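As structure tokens, the structure follows; a few thoughts come after it.
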Amino acid sequence: MTKVLLATVKPFAPAAVDGIQDICSDTGFELVKLEKYGSQEELKAAAKDADAIIIRSDKIDKDIIDAAENLKIVVRAGAGYDNVDLAAATAKGVVVMNTPGQNSNAVAELGMGMLIYLNRNGFNGTAGTELRGKKFGIHAYGHIGKIMARIAKGLGMKVYAHDPYVDRVIIENDGVVCEENVSDLYRKCEYVAVNLPANEKTKGFIDYDLLSIMPEGATILNTARKEIINENDLLTIFKERSDFRYVTDIAPECKETIEKNYEGRYFFTPKKMGAQTAEANINAGLAAAKQIANFINNGDTTFKVN
Ligand code: 3PG
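Letter by letter, the sequence shown follows residues 26 to 331 of the working numbering.
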């Protein structure tokens with residue numbers, strides 16, 4: 026019997042787990058759950074005889090892939106797959122997929138909500154600022170960027186986007202100004218949402234050169250990955266510019282320095298929670314289970330990333 030391991034340190038909502046169970050039962054697969062586990066050793070033991078694994082930000086490294094003798098497919102129920110060792114998977118003929126777009130609405134809503142929270146001083150009753158009329162830049166116009174653009178427009182913001190991988194017509198059809206040059210995006214927009222995936226090209230990409238040219242009231246919104254921000258440069262900007270603010274769903278390594286010195290100019294969620302809604306869990310979790318069923322039964326490799 027095909028064994029599907031659902032390995033989530035941060036568990037899905039119960040309705041999503043029930044939905045994954047239903048798909049597995051209907052397909053004749055056995056579902057094994059490993060939730061809130063404490064170590065990679067536990068994951069390794071559970072993965073040993075799994076044919077398929079569903080994960081979130083859970084780390085699938087070479088050690089796990091080598092130990093999982095029957096493994097055929099890993100589906101990252103979500104967008105970013107920087108937590109999976111693609112080279113090790115490919116070397117062993119293991120297919121890796123993600124579920125693009127399935128949790129984007131949750132991430133976009135959280136991001137825009139965090140901006141409002143910071144602008145209104147953590148809802149503490151003191152006078153804050155509004156988003157209406159401000160310029161909102163979107164760095165990487167994928168699923169999340171597109172939804173953020175819609176919400177930002179609804180809030181009365183002027184929206185700009187930069188993405189060398191997206192045709193400018195797609196951006197302009199959304200009523201968004203396309204910036205060919207990344208510097209122009211940062212030079213124009215008080216608010217920039219960074220939606221880049223973390224990879225060798227993007228690590229540290231958001232640096233002093235980009236942050237220092239932002240206009241007065243510069244605010245970075247990061248719901249992607251902490252690695253895309255150059256943290257030395259981030260600290261330099263915090264020191265040099267008293268107007269600079271940083272809002273993120275993934276606290277930086279230099280979190281304590283910022284918390285100690287720059288009160289009111291940052292917001293970090295206590296735990297990464299962009300995709301943590303029942304809807305996003307159901308969308309991404311069920312998509313992952315269906316993709317596994319389609320791959321095992323029909324060889325369908327849509328959404329393969331390696
Ligand atoms: C993603 O890449 O899909 C998001 O960062 C969500 O990650 P999570 O499933 O670990 O919450």
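Note that the Cβ used here is the ideal one computed from N, Cα and C, for glycine as well. Model, not experiment: these values are computed from the prediction.
Boundaries of the beta strand (DSSP E) around T273: 270 to 273.
Under the 8 Å Cβ criterion, the region 67 to 86 does not count as touching the region 130 to 140, having fewer than three qualifying pairs. In the DSSP assignment, N247 forms a beta bridge with V219, T273. In summary, V120 is buried, with 16 or more beta-carbon neighbours lying within 10 Å of its beta-carbon over all protein chains present.
In the three-state reduction of the DSSP assignment, K226 falls in the coil class. In the DSSP annotation of this structure, the continuous segment of the alpha helix (DSSP H) that includes E197 starts and ends at 193 to 198. The nearest non-hydrogen atom of the ligand 3PG is less than 7 Å from the C-beta of N128. In this structure, V202 sits away from V191, with a CB-CB distance that is not shorter than 8 Å. Shown here for L111: same chain residues with a beta carbon closer than 8 Å to its own, the five before and five after excluded, namely V121, V330, N331 in chain order. In chain order, K160, G162, Y185, E204, P240 place their CB closer than 8 Å to the CB of K213, counting only its own chain and leaving out the 5 sequence neighbours on each side.
A residue is called buried when at least 16 other Cβ atoms come within 10 angstroms of its Cβ; A102 meets this threshold and is buried. T273 sits buried, since 16 or more C-beta atoms from the chains shown fall within 10 Å of its C-beta. DSSP lists R101 as the bridge partner or partners of N123. The three-state reading of DSSP puts C203 in strand, counting E and B together. Of all alpha-carbon atoms in I98, I90, R175, F320, the one lying nearest the alpha-carbon of S129 is that of R175. Taking the Cβ of S64 as the reference point, every heavy atom of the ligand 3PG lies at 7 Å or farther away.
In the structure shown, the three-state DSSP call for G44 is helix. Scanning the region 65 to 91 for uninterrupted alpha helix (DSSP H) segments of 4 residues or longer gives 65 to 72, listed from N- to C-terminal end. Excluding the 5 residues flanking it on each side, N247 has same chain C-beta neighbours closer than 6 Å at V219, T273, in chain order. Between A133 and I78, the gap from beta carbon to beta carbon reaches 8 Å or more. Short of 6 Å from the beta carbon of A177, and not among the five residues preceding or following it, lie these beta carbons of its own chain, in chain order: F161, V184. Within the same chain, Cβ atoms closer than 7 Å to the Cβ of K280 are found at F293, the five residues on either side in sequence being excluded. Per DSSP, the unbroken alpha helix (DSSP H) holding A113 starts and ends at 111 to 116. The residues V219, N220, L221, in chain order, have a CB closer than 6 Å to that of A249 in the same chain once the five nearest residues on each side in sequence are set aside.
Under the DSSP definition of a beta bridge, L30 partners with V57, I78.
In this structure, the CA atom of I317 is about 7 Å from the CA atom of V100.
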